[in-house]
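Chains D and R supply the protein sequences, listed in that same order. Counting from 1, position 82 in the first sequence corresponds to residue 87 in my numbering; the numbering is continuous, with no gaps. Counting from 1, position 10 in the second sequence corresponds to residue 11 in my numbering; the numbering is continuous, with no gaps. A virtual CB, placed ideally from N, CA and C, is assigned to each residue, including glycine. Below is one structure, written out as structure tokens, with a few remarks after it.
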Amino acid sequence: MSLDHASHHTDAHDTASTTTVGFWIYLMSDCLIFAVLFATFGVLVGSTAGGPNGKELFELPYVFGETVLLLLSSFTFGAGMLQARAGRKEALLAWLAVTFALGLAFVGMEVHEFVALVHAGAGPTSSAFLSAYFTLVGTHGLHVACGLLWLAVMMHQVVRYGLDGIAHRRLACLSLFWHFLDLIWICVFTFVYLREFL
Amino acid sequence: MNTSRSGHAISADAHESHGSLRTYVGGLLISLMLTAAAFGVVMTSQVPHPARLAAIVVLCVAQLYVQLVYFLHLGSAKSQRANTGIFVCTTLLIAILVAGSLWVMHNANVNMMPMPMSTQEALNRP
């Protein structure tokens, strides 16, 4: 009986760690997609076709605001995970809601930035540089938007089914995903935005 | 007794690989400082122009490291070894992909740009 219980417990632990390793492999394949987009951007950054370059288009204080939102959301998600591990459902939901708000504000700022660029006549069809820019930054934005959808579904599941083993496993994957997007954004603000102003 | 010991081992391991509020606050503060420093490099005139690219690249790598350790908990802890190994392999692939693309395209750009030159002249290039 005791042995049976112990082996069952080990199995559950193995399933959880296998899932996170598998999800990590998915994230690394995503990382390769971003590497290709960064390489494309690096190759095309000078091809402005006589149009405006990044220095004329980007506003650093605005990008700094976006960055702070994303860094804060990474922290609030981590704080939520601590509450989840302690089994405090209400506190977890509160932190997830804060994370959702921060992520939504980030996506909102990015959409606003894109709309302003298109209105200024610097849309994705203007030059190879802008095509690469919109593809790279847009792909990141799309990932954050998917993360928001996942967050909303996750919050609903926790409310509906409680904090069981499945919820913990899914939260662990979502947490990897969310922190990973922060990692990509650090490369974006360094190599896309800051590099223009050297 | 056996069960309780293994239970303890798992929770100690989990604690080791999941961090605490202290490490999350530390990670947030360090990453905010590194971000502010990176923006400060280009928005103020404290750092001379030739050193700026090196400065932002170093700050970027430092921040990636901080994020990986504090938030993604990568490291040599037993439960994280597989993740860390996969990550190192991916980093190698990324380095080859990005550095290789930039190198190849730079050379193509320098040596194969269309210019007013006849085929014969191109063939006679030293």
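| Asked | Found |
| --- | --- |
| N58 (chain D) to V142 (chain D), Cα distance in whole Å? | 16 angstroms |
| Using a Cβ-Cβ cut-off of 8 angstroms (strictly less than) and excluding sequence neighbours within five positions of T20 (chain D), which residues of its own chain qualify? | R174 |
| Closer than 8 angstroms, Cβ to any Cβ of chain R: which residues of the stretch 156 to 188 of chain D, in chain order? | L181, H184, F185, D187, L188 |
| A44 (chain D) and L22 (chain R): beta carbons closer than 7 angstroms? | no |
| Could you tell me the alpha carbon to alpha carbon distance between Y31 (chain D) and L124 (chain R), rounded to whole angstroms? | 48 angstroms |
| Please determine, among D:T24, D:L75, D:T25, the residue with the shortest C-alpha to C-alpha distance to A150 (chain D). | D:L75 |
| By how many angstroms is the C-alpha of N110 (chain R) removed from the C-alpha of H148 (chain D)? | 33 angstroms |
| Name the residue from D:S52, D:E61, D:V163, D:C178 whose alpha carbon lies nearest to the alpha carbon of T23 (chain D). | D:C178 |
| With distances taken Cα to Cα, identify the nearest neighbour of L93 (chain R) among D:F194, D:V50, D:L37, D:R93. | D:L37 |
| Evaluate N112 (chain R) with the Cβ neighbour count: other Cβ atoms within 10 Å of its Cβ, from every protein chain shown; 16 or more gives buried, anything less gives exposed. | exposed |
| Please confirm whether T72 (chain D) has its beta-carbon closer than 7 angstroms to some beta-carbon of chain R. | yes |
| With a cut-off of 8 angstroms on the beta carbons, I'd call F194 (chain D) and T72 (chain D) a contact; round off their distance for me. | 5 angstroms |
| Can you give the Cα-Cα distance for E64 (chain D) and F202 (chain D), rounded to whole angstroms? | 10 angstroms |
| With a threshold of 7 angstroms between beta-carbons, can V111 (chain R) be considered close to chain D, or not? | no |
| Give the residues from the stretch 26 to 38 of chain D that approach chain R closer than 8 angstroms (Cβ to any Cβ), ordered along the chain. | V26, W29, I30, M33, C36, L37 |
| Quick one: any contact between the stretch 92 to 108 of chain D and the stretch 55 to 64 of chain R, if contact means 3 or more CB pairs under 8 angstroms? | no |
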